[in-house]
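Chemist:
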Amino acid sequence: MLLDTGIRVGELAQIELTDIVDKHLFIKRAKGGNPIRKFLPSITREAIDQYIQGERKHFAPDSNMHALFVNQQYGRMVTRGFQVVVSKWVKRAGIQKQVTPHKLRHTFATSLYAKNHDILVVQKALGHRSIVHTQIYAHVTDESLEDAMESRTTNAN
């Protein structure tokens, strides 16, 4: 969910079951205290449905638990819990790099920019007020610059 939406881990921890409506996730208090609405891709919605029907039922048999993500003690998952889970799954996948929930947010932004090359879309997706904070994702590699220039001159002839 972190990788598919670009939300912050603190935002993930506060999600309630009722915050997911159709194709959207509503975060009541994002950074800066403002509410935001995020689109949930179909693969993410399917994964959430599987989690709710499976693992979540196992960890939250009490229907009074409104948090989307719960821990083994039947409580709400907290930021540190997500950090531990991400670290565990990264190790299981055999990834040697240190991966954190925040790095997943950066990966989301970088891949979104790579797909559409629109920094304003990335800014909106991340919820940045200022484009200055988003511009780090608009770095141009030498190879992509060379490819763009080559295709420009090839198409012009």
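FYI, this note's numbering numbers position 25 of the sequence shown as 259, with every residue one higher than the one before it.
Just so it is clear, CB atoms sit at the ideal spot from N, CA and C, and this is done for glycine as well.
Would you tell me roughly how many angstroms separate the C-alpha atoms of Val304 and Asp381, rounded to the nearest one?
Modeler: What you label residue 304 is simply residue 70 of the sequence shown in a count that begins at 1. What you label residue 381 is simply residue 147 of the sequence shown in a count that begins at 1. When rounded, the distance between both Cα atoms is 46 Å.
Chemist: Quick one: give me the first and last residue of the beta strand (DSSP E) that Lys272 is part of.
Modeler: Indexing the sequence shown from 1 puts residue 272 at position 38. Going by DSSP, Lys272 is part of the beta strand (DSSP E) stretching over Ile270 to Phe273.
Chemist: From Ala343 to Ala264, what distance separates their C-alpha atoms?
Modeler: Indexing the sequence shown from 1 puts residue 343 at position 109. Indexing the sequence shown from 1 puts residue 264 at position 30. Going from the Cα of Ala343 to the Cα of Ala264 covers about 17 Å.
Chemist: Classify Glu245 as buried or exposed, calling it buried when 16 or more other Cβ atoms lie within 10 Å of its own Cβ.
Modeler: Taking the first residue of the sequence shown as 1, we reach residue 245 at position 11. Buried: at least 16 other Cβ atoms inside 10 Å.
Chemist: Roughly how many angstroms separate the alpha carbons of Met311 and His362, rounded to a whole number?
Modeler: The residue labelled residue 311 in the question sits at position 77 within the sequence shown. The residue labelled residue 362 in the question sits at position 128 within the sequence shown. So the alpha carbons of these two residues sit roughly 25 Å apart.
Chemist: Buried or exposed, going by whether 16 or more other CB atoms sit within 10 Å of the CB of Val366?
Modeler: Position 132 of the sequence shown, counted from the first residue, corresponds to residue 366. Classification for Val366: exposed.
Chemist: Between Ile277 and Pro335, what straight-line distance do the alpha-carbon atoms span, to the nearest angstrom?
Modeler: One-based indexing of the sequence shown puts residue 277 at position 43. One-based indexing of the sequence shown puts residue 335 at position 101. Near 19 Å, if we compare the C-alpha coordinates of Pro335 and Ile277.
Chemist: Quick check: what's the CA-CA separation for Val356 versus Asp238?
Modeler: Indexing the sequence shown from 1 puts residue 356 at position 122. Indexing the sequence shown from 1 puts residue 238 at position 4. When rounded, the distance between both Cα atoms is 13 Å.
Chemist: Could you check where the alpha helix (DSSP H) with Ile249 kicks off and where it finishes?
Modeler: Residue 249 sits at position 15 when you count from the first residue of the sequence shown. Ile249 -> no alpha helix (DSSP H), and no H or E assigned at all.
Chemist: Quick check on Ile282: buried or exposed, where buried means 16 or more other Cβ atoms within 10 Å of its Cβ?
Modeler: Residue mapping note: residue 282 aligns to position 48 of the sequence shown, counting from 1. Ile282 comes out buried.
Chemist: Could you tell me the alpha carbon to alpha carbon distance between Gly328 and Ser321, rounded to whole angstroms?
Modeler: Counting from 1 along the sequence shown, the entry for residue 328 is found at position 94. Counting from 1 along the sequence shown, the entry for residue 321 is found at position 87. Approximately 11 Å between the Cα atoms of the pair.
Chemist: On a Cα-Cα basis, can you pick out the residue from Gln307, Gln369 and Leu338 that is closest to Ile353?
Modeler: As a first step, residue 353 must be located in the sequence shown, where it is residue number 119. Nearest option by C-alpha distance: Gln369.
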